[in-house]
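Trainee:
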Amino acid sequence: MKPFRLHEPTDVHEAASALADAGGGAALYAGGTELLLAMKSGLLAYDTLINVKSIPGLDAVSADGDTVVIGASATHSAVECDPLVRKRMPLLAEVEHGVANLRVRNVGTLAGNLCFAEPHSDPATLLLVYEAGLDIAGPSGTRRITVGDLQTGSYETSLEPDELLIAVRVPALPAGMCAAYSKFGYHHRPTLGIAAALGVKDGVVTEARLALGCVSPVAQRLSRAEDVLRGERVDTLTEGASALREASRLASEDADAVEDMHGGVDYKEHLVRVFMERTLLRALARNGGGDG
Amino acid sequence: MAEAPDTLAVAFELNGAPVEATVEPQTPLIDMLRERFGLTGTKRSCDVQVCGACTVLLDGAPVSSCTVPAFEARGRAVLTVEGFAADDASSPLVEAFVNNAAFQCGFCTPGMLLAAKSLLDADPAPSEETIKDYMRGNVCRCTGYKKIVEAVQEAAEAGR
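So the sequences go chain by chain: Y and U.
If you read the first sequence in the numbering used here, its first letter stands for residue 1, the second for the next number, and so on.
If you read the second sequence in the numbering used here, its first letter stands for residue 1001, the second for the next number, and so on.
(1) Kindly indicate which three-state DSSP category Gly-263 of chain Y falls into: helix, strand or coil?
(2) Taking Gln-1049 of chain U as the query, report the chain Y residues whose CB atoms sit under 8 Å from its CB, ordered along the chain.
(3) Since Phe-184 of chain Y is in the beta strand (DSSP E), which residue starts that stretch and which ends it?
(4) Measuring only between beta-carbons, confirm whether Phe-116 of chain Y sits less than 8 Å from chain U.
(5) Less than 8 Å between the C-beta atoms of Arg-269 of chain Y and Ala-255 of chain Y, yes or no?
(6) Measuring alpha carbon to alpha carbon, tell me which of U:Gly-1060, U:Glu-1072, U:Pro-1062 ends up nearest Lys-307 of chain Y.
(7) Which class does Pro-1062 of chain U belong to by DSSP, given the choice of helix, strand or coil?
(8) Helix, strand or coil: which one does DSSP assign to His-7 of chain Y?
(9) So is Lys-1146 of chain U buried or exposed if we call it buried at 16+ other beta carbons inside 10 Å?
(10) Out of Y:Phe-275, Y:Ala-175, Y:Val-104, state which residue places its alpha-carbon closest to the alpha-carbon of Gly-185 of chain Y.
(11) Output, in chain order, the set of chain Y residues within a Cβ distance shorter than 8 Å of Gly-1052 of chain U.
(12) For a test of the three-state rule: what should DSSP assign to Ile-166 of chain Y, helix, strand or coil?
(13) Closer than 9 Å between beta carbons: that is the criterion. Which residues of the segment 1130-1156 of chain U meet it against chain Y?
(14) Cutting at 8 Å between CB atoms, please list the residues of its own chain near Gly-1041 of chain U, excluding the five before and the five after it.
(15) Counting only the same chain and skipping the five closest in sequence on each side, list residues whose C-beta sits under 8 Å from that of Ala-1002 of chain U.
(16) Name, please, each residue of chain Y whose Cβ falls closer than 7 Å to the Cβ of Phe-1071 of chain U.
(17) Return no unless some Cβ of chain U is closer than 8 Å to the Cβ of Val-52 of chain Y.
(18) What whole-angstrom Cβ distance do Thr-173 of chain Y and Ala-197 of chain Y have, given they're in contact under 8 Å?
(19) Determine the chain U residues that contact His-356 of chain Y at a beta-carbon separation under 8 Å, and present them in chain order.
(20) What residues in its chain sit with their C-beta under 7 Å from that of Val-1023 of chain U, if we drop five residues either side in the sequence?
(21) Determine the direct distance from the alpha carbon of Thr-1055 of chain U to that of Tyr-1134 of chain U, and round the result to whole angstroms.
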């Protein structure tokens, strides 16, 4: 690996200034589980790494009302094992447990996973149905965006060169919503990720949040498939139900699947159809049981 | 803003003893362990955090030393397979691996032992499912895993 300097800021402002001063020659380092691999292979090279973990307090997981606030240097393992996360959003804990392997989870961070913007990311897909927010700090202050506004392409985000993600804000799903996540793949990273959260009142689907990731460069919500499910009676939504088939078909049509080492477009569209129906059935089986 | 140094002093606890080394920021933990301290029990294999051969415990938690920078050890405790063998409390695990022939070539064994130790420290009586789930990031190309799972189960029983 090409030598680099380590800069260890003591607050967020210093980190943003260091990014600005480096003019593209620096990268933020949190877990390093993706960045260092790219640097080892020579794909990326930086003069300076700015150690986010040297900023006190950024590893905290805390509550703000019904929202769990996950600091930028909180690891996947810390999120997975956090009592607040387990209690209020067990599906997030379940999905974090499925990320990579134990050693990567012990070092890699949720915020770093989002900011590296690798297209095959479970958390980036799941957090779309939680409608998570992101606190972004820059030299002139902090702004908040939605998680869907972060990634703009493969390994590309909307962050300015002198900005850093400091916290991921995950609101608990509204009471009465049931949710499930499916992943599929044979590689180290998932080939497909689908998150489904359904709100049910008086036996009728009142809210539907569906997210699809990994098959395309950027994870996305599937509004046409969501629309099909709203208003459907839950007791009709059994295996093979026409609304489930239609939602799965629309999901596949809107997948924006691209060919990569995980497979071709036809293959991925087929996976989306199959796994969308399965994921919806799993979410419905949790009806009344919350998100876990 | 202070000029960032090109080398870093890394003071940490290595297998129970306080040690210190000077490293460059890009030095991975495995290089410091093998080259500075001569602890060659930690094996480099895939070099991309997938196989688990380079597993060491950092403050008790398994990490891939092939990629974690050496500077991450500052002020923390590192356990390698060498420290493990000298640790009496861990010997049931070593014995169980031997009793069950839970290795053939042995290249994955240091990582397997450390992952298993971390599991048993957290959960002294894990189910078979828990063992498989916890160890699934450690790859063995010889044994087919069954004997490794049995060894961890035997060690758990011996430790009770």
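We put the beta carbon where it would ideally sit given N, CA and C, even for glycine.
Mentor: With the structure as the only source:
(1) strand
(2) Thr-33, Leu-37, Ala-100, Asn-101, Arg-103, Val-104
(3) 177-184
(4) no
(5) It is Glu, not Arg, that sits at residue 269 of chain Y in the sequence shown. Yes, the Cβ-Cβ distance between Glu-269 of chain Y and Ala-255 of chain Y is below 8 Å.
(6) Lying outside 1 to 292, the shown extent of chain Y, residue 307 of chain Y is not represented and no answer is given.
(7) strand
(8) Strand, per DSSP.
(9) exposed
(10) Y:Phe-275
(11) Asn-101, Arg-103
(12) strand
(13) Asp-1133, Tyr-1134, Met-1135, Arg-1136, Gly-1137, Asn-1138
(14) Thr-1080, Val-1081, Glu-1082, Pro-1110
(15) Caution applies to Ala-1002 of chain U, whose pLDDT of 48 falls short of 50 and renders its modelled position unreliable; the value that the coordinates give is listed next. Excluding positions up to five away in sequence, the list is empty.
(16) Leu-6
(17) no
(18) According to the sequence shown, residue 173 of chain Y is Leu rather than Thr. Between Leu-173 of chain Y and Ala-197 of chain Y, the beta carbon gap of about 6 Å places them in contact (Cβ cut-off 8 Å).
(19) In the structure as shown, chain Y starts at 1 and stops at 292, and residue 356 of chain Y therefore has no counterpart that could be examined.
(20) Thr-1007, Leu-1008, Val-1010, Met-1032, Ala-1070, Phe-1071
(21) Each residue's alpha carbon lies about 13 Å from the other.
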